[in-house]
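Asker:
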Amino acid sequence: MKFIKYLIIGLILLGALAFGLFQISAVQDFIAKKAIEQQLQQENLSSDEDALSALVCGSRSPFPDPNRAETCILIKAGSDFYVVDIGGGSAMNLQMWQIDLSKLKAVFLSHLHSDHMSDLPGLHFNSWLAGRPSKLKVYGPEGVENLTDGFSQAYSMDTKFRVDHHGEGILPLSVAGYEPITLNSNGEVIIDNGNLKVTAFTVEHEPIEPAFGFRFDYKGRSIVISGDTLYSKNLVDNSKGVDVLFHDAISLDTVRMFREVAYEEGNKTLAKIIDDIQTYHENTIRVAELANEVEAGYLVYYHLIPSPRSDLAENIWTRGINEVRSKNWKLSKDGTLVTLPVGTDEIIFDAIE
Numbered sequence: 000m001k002f003i004k005y006l007i008i009g010l011i012l013l014g015a016l017a018f019g020l021f022q023i024s025a026v027q028d029f030i031a032k033k034a035i036e037q038q039l040q041q042e043n044l045s046s047d048e049d050a051l052s053a054l055v056c057g058s059r060s061p062f063p064d065p066n067r068a069e070t071c072i073l074i075k076a077g078s079d080f081y082v083v084d085i086g087g088g089s090a091m092n093l094q095m096w097q098i099d100l101s102k103l104k105a106v107f108l109s110h111l112h113s114d115h116m117s118d119l120p121g122l123h124f125n126s127w128l129a130g131r132p133s134k135l136k137v138y139g140p141e142g143v144e145n146l147t148d149g150f151s152q153a154y155s156m157d158t159k160f161r162v163d164h165h166g167e168g169i170l171p172l173s174v175a176g177y178e179p180i181t182l183n184s185n186g187e188v189i190i191d192n193g194n195l196k197v198t199a200f201t202v203e204h205e206p207i208e209p210a211f212g213f214r215f216d217y218k219g220r221s222i223v224i225s226g227d228t229l230y231s232k233n234l235v236d237n238s239k240g241v242d243v244l245f246h247d248a249i250s251l252d253t254v255r256m257f258r259e260v261a262y263e264e265g266n267k268t269l270a271k272i273i274d275d276i277q278t279y280h281e282n283t284i285r286v287a288e289l290a291n292e293v294e295a296g297y298l299v300y301y302h303l304i305p306s307p308r309s310d311l312a313e314n315i316w317t318r319g320i321n322e323v324r325s326k327n328w329k330l331s332k333d334g335t336l337v338t339l340p341v342g343t344d345e346i347i348f349d350a351i352e
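Numbering follows numbering that gives the first Met the number 0, in which position 38 of the sequence shown is assigned residue number 37; successive positions increment by one, without gaps.
(1) Considering only the beta carbon of each residue, do HIS204 and ASP247 sit closer than 7 Å?
(2) Please look up how many angstroms separate the CB atoms of LYS329 and VAL293, rounded, as I've assumed it's under 8 Å.
(3) Tell whether a beta-carbon distance below 7 Å holds between ILE315 and ASN282.
(4) Between PRO305 and the rest of its own chain, which residues show a CB-CB distance below 8 Å, the 5 nearest in sequence each way excluded?
(5) Tell me which same chain residues have a C-beta within less than 8 Å of the C-beta of PRO209, skipping the five on either side of it?
(6) So does the region 95-105 actually touch the region 256-273, counting three or more Cβ pairs closer than 8 Å?
(7) Using only alpha-carbon positions, find the residue among LEU146, ASN92, MET156 that is nearest to ASN125.
(8) Could you check whether LYS232 and GLU178 sit closer than 7 Å to each other, using their CB atoms as the reference points?
(9) Compute the Euclidean distance between the alpha carbons of THR198 and GLN94, then round it to the nearest angstrom.
(10) Are LEU52 and LYS75 touching if we call contact CB-CB under 7 Å?
(11) With 16 as the cutoff for other CB atoms within 10 Å, does GLY240 come out buried or exposed?
(12) Taking the alpha-carbon positions, what's the SER173 to THR338 distance?
(13) Straight-line CA distance for LYS196 to GLY219?
(14) Please return the same chain residues whose Cβ sits closer than 7 Å to the Cβ of ILE284, not counting the five positions on each side in sequence.
(15) Restricting to runs no shorter than 3 residues, where is the beta strand (DSSP E) found entirely within the region 126-183?
(16) Under 6 Å Cβ to Cβ from GLN186, same chain only, skipping five residues before and after it: list those, please.
(17) Of all the options LEU73, GLU345, GLY121, which has the alpha carbon lying nearest to the alpha carbon of ILE351?
(18) In this structure, how does DSSP classify GLY121 when only helix, strand and coil are distinguished?
(19) At least one CB of chain C closer than 7 Å to the CB of THR198: is that the case?
(20) Specify, as a first and last residue, the run of the beta strand (DSSP E) that THR201 falls within.
(21) Taking just the CA atoms, how far does TYR279 sit from SER113?
(22) In angstroms with no decimal places, state the Cα-to-Cα distance between ASP242 and ALA287.
(23) Alpha carbon to alpha carbon, how far is ASP310 from VAL260?
(24) DSSP three-state label for ASN192, please.
(25) Can you tell me whether SER78 is helix, strand or coil according to DSSP?
(26) Can you list, in chain order, the residues of its chain with a C-beta nearer than 6 Å to that of VAL162? Leave out the 5 residues immediately preceding and following it.
(27) Which two residues bound the contiguous beta strand (DSSP E) that contains SER89?
See below:
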């Protein structure tokens, strides 16, 4: 009994000592600086490994989810970065993960829905501040020049104020702004530098035309990003034998329940939107069948409609997929990282928190 008594007294004294130490400014500052060091440490995506990598910086559709940003995938080919779509919240993810955006070479917009481009100004500013050496190249469908001109005009005073405050040594005015490049509606190879080839191809997202998917080939490794689409022959033709296929998808079981509840609550607008979105997004099972058809090494679902917010919701979302594709598929989350080392057949998954 004495031992227990002394143990309790000791724990109380230890707790009091710890509490007291935490009130000392020097101790608080030491702990806070260690936390800041951790916060500012760049993630392992900045390593020098020769690989083709994809980091999901946004995994949801416009359906809200407090733990996910809208659509965004960061591609790393060797030491260069490319961003495919940049929806709401995704620029903050890249900033929070301390991605070295001075290495950002271009942005590819699959189409001009807001959930695929609303964070472009944030990405522009963050990469400008990081030391991007030239104006930000933005590849996209017809209308991309109007988009970038509009953002430039809307943020013109912000740009001026930033330069006035911090100086051109930090934010050179010659680098501010965009270089828009309109994609050919028939699809085309848009980058081919000997190591990396990027191919844009049209997909089925009517009435949004054109809408694009993208294929990245780097030293024998490959990634395809579908953009938003129904089953697409162009997507199939450009995905044959791909290492990793990122494909958007809609869970019919889940949206059916959303629709039923919307009608029961008299929300006819939401019910109509749910009906409409089923006409230009492919369902989870058909996507798995497509991945099998092209013999994709791995299928990663992204732009999840709607993104599951619990284990139960995820079980419903993934119903039937295993019956079609029993392995080598997964749902992405914000921070899902896939790495394809050059000279191997490895497909390595990790996560950035």
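For each residue, glycine too, the CB sits at the ideal point set by N, CA and C. From a predicted model like this one, the values you see are computed outputs, not experimental measurements.
Answerer: With the structure as the only source:
(1) Locating residue 204 in the sequence shown gives position 205, counting from the first residue. Locating residue 247 in the sequence shown gives position 248, counting from the first residue. Taking 7 Å as the Cβ cut-off, HIS204 and ASP247 do not qualify as a contacting pair.
(2) Counting from one through the sequence shown, the residue named residue 329 turns up at place 330. Counting from one through the sequence shown, the residue named residue 293 turns up at place 294. That pair is no contact at about 17 Å.
(3) For the purposes of this step, residue 315 is taken as residue 316 along the sequence shown, with counting starting at 1. For the purposes of this step, residue 282 is taken as residue 283 along the sequence shown, with counting starting at 1. Taking 7 Å as the Cβ cut-off, ILE315 and ASN282 do not qualify as a contacting pair.
(4) For the purposes of this step, residue 305 is taken as the residue at position 306 of the sequence shown. So the list reads ARG59, SER60, PHE62, ASP64, SER250, THR253, VAL254, PHE257, once near-sequence residues are dropped.
(5) Numbered from 1 along the sequence shown, position 210 holds the residue referred to as residue 209. Around PRO209: HIS110, PRO140, GLU141, LEU182, SER184, THR201.
(6) no
(7) Mapped onto the sequence shown, residue 125 falls at position 126. Nearest of LEU146, ASN92, MET156 to ASN125, Cα basis: ASN92.
(8) Here the question's residue 178 lines up with position 179 in the sequence shown. Here the question's residue 232 lines up with position 233 in the sequence shown. Not a contact, by the Cβ cut-off of 7 Å.
(9) Here residue 198 is taken as the residue at index 199 of the sequence shown, counted from 1. Here residue 94 is taken as the residue at index 95 of the sequence shown, counted from 1. Computed Cα separation, rounded: 27 Å.
(10) The residue you call residue 52 lines up with position 53 of the sequence shown. The residue you call residue 75 lines up with position 76 of the sequence shown. One point to set straight first is that residue 52 is Ser, not Leu, in the sequence displayed. Yes; because the gap between Cβ atoms is below 7 Å, this pair is in contact.
(11) Taking the sequence shown and counting its residues from 1, one reaches residue 240 at position 241. Its Cβ having fewer than 16 others within 10 Å, GLY240 is exposed.
(12) Locating residue 173 in the sequence shown gives position 174, where the first residue counts as 1. Locating residue 338 in the sequence shown gives position 339, where the first residue counts as 1. So the alpha carbons of these two residues sit roughly 34 Å apart.
(13) Here residue 196 corresponds to residue number 197 of the sequence shown, with the count starting at 1. Here residue 219 corresponds to residue number 220 of the sequence shown, with the count starting at 1. Distance between the alpha carbons of LYS196 and GLY219: 10 Å.
(14) By 1-based counting over the sequence shown, the position of residue 284 is 285. So the qualifying residues of the chain are GLY319, ILE320, VAL323.
(15) 135-139, 177-181
(16) As a position in the sequence shown, residue 186 is number 187, starting the count at 1. According to the sequence provided, residue 186 is Gly. The question's Gln does not apply to it. Closer than 6 Å at Cβ, skipping near neighbours: ALA199, PHE200, THR201.
(17) Here residue 351 refers to the residue found at position 352 when the sequence shown is read from its first residue. Of LEU73, GLU345, GLY121, the residue nearest in Cα terms is LEU73.
(18) The sequence position of residue 121 within the sequence shown is 122, counting from 1. Of the three classes helix, strand and coil, the one that applies to GLY121 here is helix, per DSSP.
(19) Given the protein chain composition of this structure (a single chain), no chain C is represented.
(20) As a first step, residue 201 is located in the sequence shown; it is residue number 202 there, counting from the start. Per DSSP, THR201 belongs to the beta strand (DSSP E) from 195-202.
(21) The residue you call residue 113 lines up with position 114 of the sequence shown. The residue you call residue 279 lines up with position 280 of the sequence shown. So the two alpha carbons sit approximately 16 Å from each other.
(22) In the sequence shown, the residue the question calls residue 242 occupies position 243. In the sequence shown, the residue the question calls residue 287 occupies position 288. Going from the Cα of ASP242 to the Cα of ALA287 covers about 15 Å.
(23) Position 311 of the sequence shown, counting from 1, holds the residue named residue 310. Position 261 of the sequence shown, counting from 1, holds the residue named residue 260. C-alpha separation (whole angstroms): 20 Å.
(24) Start at 1 with the first residue of the sequence shown, and residue 192 comes out as number 193. Here ASN192 sits in coil by DSSP.
(25) Position 79 of the sequence shown, counting from 1, holds the residue named residue 78. It is coil, neither helix nor strand.
(26) Working through the sequence shown from its first residue, we reach residue 162 at position 163. The answer, listed in chain order, is LEU170, LEU172.
(27) Here residue 89 refers to the residue found at position 90 of the sequence shown. It is not in any beta strand (DSSP E) - SER89 instead sits in the alpha helix (DSSP H) that spans 89-95.
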